[in-house]
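Structure first, commentary second.
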Amino acid sequence: MISNDINKAVEVLNKNELIAIPTETVYGLAGNAFSEKAVNKIYELKKRPFFNPLIVHIKSVNELSIVAKEIPETALKLAKTFWPGALTLVLKKQNHIPDTVTADKNTVAVRVPNHPLTLKLLNRLDFPLAAPSANPFGQISPTSAEHVFKYFKDQLEVILDGGACQKGLESTIVGFEDEQAVLYRHGSIALEDIEKIAGKLVIKNHDEITPNAPGMTASHYAPQTKTYLTNDVKELIKSFPNKKIGLILYRNEIDKQENITQKVLSKSGDLEEASKNLYATMHILDQSNLDIIIAEKFPEEGLGKTINDRLKRATV
Ligand code: TXA
Ligand code: MG
């Protein structure tokens, strides 16, 4: 049920049951990170493969040593700069973190989410929250409580309503290999901003690193409607005469046509605004009875890289 009741949320989590939480990136499907039982339920409900580890959400940077150890200098600097915020750090895990959370890896992914309601909730709990995005495996991440409800209906006793997610794309994931910072997933903090603090990162946001970030597999973030990505929308449309088409466009509409629904993500060309609108637009188009969706490629800079990454995965 969609609700604002933090007391109820605490009660459900203390029973090692699951709830949905708002964050600034996307909604999470959350349970007690120290409870095998709760963590197993997350994998079950999400139909997520057990080899794909979860992110642990803590209330402040001061709690970092509860979940991680041997923290590199640069990691601490990044945490202090961006937390609370949309940066997930992959660090050596503390032994008491259940192996189910980390899919048997010796590292753990951790972040402090930047949402007032969820920070309030974390401050009421004796444990951190393990939480993947609150969508069934492979589907579009939810950026509102209504999206979560659409997926899980009454299977969740509490879907905490924190409004529309301010960032709208998942966190950026950074790990360390021999002290070198490595990007595992583009996210809603631009790579360029992270490099200002950490220096040049090694980019491993590719499919071939699936053992490191197994979530980054094909057919992720995907609408049910067949989706295409192109540099030239007008040209690609010609290949689909008589089809009902949904367009995801960056700044500008094309000439109106009867069978085409157009969604512009940011008229002013603001990539933050476009990021915020991307998943919500995908959710809407996916429910509009279209034959296909065509998305326009974004400029490969800043958050444009993250948007292109998600669009590519939506089209596989
Ligand atoms: O913004 C976000 O990060 C959202 C909100 C809810 O915090 N969460 C999210 O979780 O996107 P999820 O489970 O959908 O994606 C987590 C990603 C996966 O790609 C997973 O493979 C990666 O984090 N990951 C988790 N632990 C890891 C580890 N130890 N090493 C490498 N990658 C890891
Ligand atoms: Mg996800």
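Residue 197 in the numbering used here sits at position 216 of the sequence shown, and the numbers go up by one each step.
Every residue, glycine too, gets a C-beta built ideally from N, C-alpha and C.
Tell me whether the beta-carbon of V20 lies closer than 8 Å to the beta-carbon of S122.
-> With contacts defined as CB atoms closer than 8 Å, V20 and S122 fail to qualify as a contacting pair.
First and last residue of the beta strand (DSSP E) that includes R299?
-> There is simply no residue 299 to check, as the chain begins at -18 and stops at 297 in what is shown.
When we look at the beta-carbon of E239 and count the other beta-carbons within 10 Å, is it buried (16 or more) or exposed?
-> Looking at its Cβ environment, which holds fewer than 16 other Cβ atoms inside 10 Å, E239 is exposed.
Identified DSSP bridge partners for R92 | Bridge partners of R92: H38.
Per DSSP, what kind of secondary structure is V20 in: helix, strand or coil?
-> In this structure, DSSP gives V20 a helical state, which the three-state scheme calls helix.
Tell me whether P123 counts as near the ligand MG, meaning its Cβ is closer than 7 Å to at least one heavy atom of that ligand.
-> Result no, Cβ not under 7 Å from the ligand MG.
Cβ-based burial, D142 [other Cβ within 10 Å; buried from 16] = Buried: at least 16 other Cβ atoms inside 10 Å.
Considering only the beta carbon of each residue, do L266 and T242 sit closer than 8 Å?
-> The Cβ atoms of L266 and T242 sit closer than 8 Å to each other.
Note the first and the last residue of the continuous alpha helix (DSSP H) segment covering V48.
-> Residues L45 to V48.
In whole angstroms, what separates the C-alpha of F368 from that of I218?
-> Residue 368 lies beyond the stretch modelled for the chain, which goes from -18 to 297, so this question has no answer here.
Any heavy atom of the ligand TXA closer than 7 Å to the CB of S114?
-> It does: the Cβ of S114 is within 7 Å (strictly closer) of some heavy atom of the ligand TXA.
For the ligand MG, is there a heavy atom less than 7 Å away from the beta-carbon of E17?
-> Closer than 7 Å to some heavy atom of the ligand MG: that does not describe the Cβ of E17.
Below 8 Å CB to CB, which residues in the same chain sit around R299 once its five sequence neighbours on both sides are set aside?
-> Any answer about residue 299 is impossible in this case: the structure gives the chain only from -18 up to 297.
Going by CA-CA distance only, name the one from W64, A(-10), T211 and E51 that's closest to N289.
-> Nearest C-alpha to N289: T211.
Cα-Cα separation, K257 to L284 = The alpha-carbon separation between K257 and L284 amounts to approximately 11 Å.
Hey, could you find the ends of the alpha helix (DSSP H) K257 is sitting in?
-> For K257, the enclosing alpha helix (DSSP H) stretches over residues L252 to D267.
With a floor of 3 residues, list each beta strand (DSSP E) that falls wholly inside the segment 110 to 186, ordered by position along the chain.
-> Listed in chain order, they are 153 to 158 and 161 to 166.
Any heavy atom of the ligand MG closer than 7 Å to the Cβ of E380?
-> No answer is possible for residue 380: the residues shown for the chain start at -18 and end at 297.
If you compare alpha carbons, which of K225, E234, H77 and N(-12) is closest to N104?
-> Ranking the options by Cα distance to N104, first place goes to N(-12).
Taking the continuous alpha helix (DSSP H) assigned at K278, which residues delimit it?
-> Here K278 belongs to no alpha helix (DSSP H), and DSSP marks it neither H nor E.
So, using beta-carbon positions, are V155 and L68 closer together than 8 Å?
-> Yes.
Which same chain residues, not among the five before or five after L73, have their C-beta less than 7 Å away from its C-beta?
-> Here residue 73 turns out to be Lys, not Leu, going by the sequence shown. Excluding sequence neighbours, K73 sits near A49, K50, E51, N87 and T88.
With DSSP as the reference, please indicate the residues paired to V82 in a beta bridge.
-> Beta-bridge pairing links V82 to no other residue.
Straight-line gap, D213 to E277 (C-alpha atoms, nearest Å) = Cα to Cα, the separation comes out at about 7 Å.
With L(-6) as the anchor, note down where its alpha helix (DSSP H) starts and where it stops.
-> For L(-6), the enclosing alpha helix (DSSP H) covers residues I(-13) to N(-5).
Limits of the beta strand (DSSP E) - the one that T211 falls within = Taken as a continuous stretch (DSSP letters only), the beta strand (DSSP E) holding T211 covers K207 to T211.
Which two residues bound the contiguous alpha helix (DSSP H) that contains K286?
-> Segment L284 to A295, the alpha helix (DSSP H) holding K286.
Put A11 into one of helix, strand or coil per three-state DSSP.
-> Strand, per DSSP.
Simplified DSSP assignment, three categories, for P192 = A caution first: P192 carries a pLDDT of 44, below 50, which makes its placement in the model too unreliable to give a value.
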